[in-house]
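The structure appears right after this line, and notes come after that.
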Amino acid sequence: MTIKRVVADLETKSLEQARTFYERVLGFEVVMDHGWIVTLADPDRPEVQLSLMTHDETAPVVPAVSIQVDDVDAAYEEAKASGAEIVHELTDEPWGVRRFFVRDPGGHVVNVLAHR
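This note's numbering numbers the first residue of the sequence shown as 2 and each following residue consecutively.
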């Protein structure tokens, strides 16, 4: 399995205030906005990203980090085999990703995903 991208996910009460802060102070630009999640990127290095979330549309919690992999099914099977807590089952989401949430040993919720 190959890790393709890692994006920090920050929970916020106000997407507008958080977005404005990261745009103004650090120069990020919006690359995705679903209303409940906004992803920002460095305009010169689009792989450098940060997501701001008020909630998760289909999962019970906001994850700490999103990790994009090339084989999400293999990652899911390995997470289950390891005995890790699956917080959000493997799901094909309407916005074009297949993902699951797993809790790491430190208690952080990790969104593991692949784009379809």
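Virtual Cβ for every residue (Gly too), placed ideally from N, Cα, C.
Residue burial classification, residue i (beta-carbon count within 10 angstroms, cutoff 16)
i: residue 53; result: buried
i: residue 71; result: exposed
i: residue 27; result: exposed
i: residue 64; result: buried
Beta-bridge pairing of residue i - partner residues as DSSP gives them
i: residue 40; result: 33, 52
i: residue 101; result: 113
i: residue 7; result: 68
Close Cβ partners of residue i (< 8 Å) along its chain, the five nearest in sequence each way excluded
i: residue 97; result: 116, 117
i: residue 66; result: 7, 8, 9, 10, 109, 111, 112
i: residue 49; result: 42, 43
Close Cβ partners of residue i (< 7 Å) along its chain, the five nearest in sequence each way excluded
i: residue 76; result: 2, 70, 113
i: residue 81; result: 87
Contact set for residue i: own chain, Cβ-Cβ below 6 Å, skip 5 residues either direction
i: residue 35; result: none
i: residue 62; result: 110
i: residue 44; result: 30
Alpha carbon of residue i to alpha carbon of residue j, nearest angstrom
i: residue 21; j: residue 103; result: 30 Å
i: residue 30; j: residue 79; result: 35 Å
i: residue 51; j: residue 40; result: 6 Å
Distance cut-off 7 Å: residue i Cβ against heavy atoms of the ligand NAD
i: residue 85; result: With respect to the ligand NAD, the structure offers nothing, as it holds no ligand at all.
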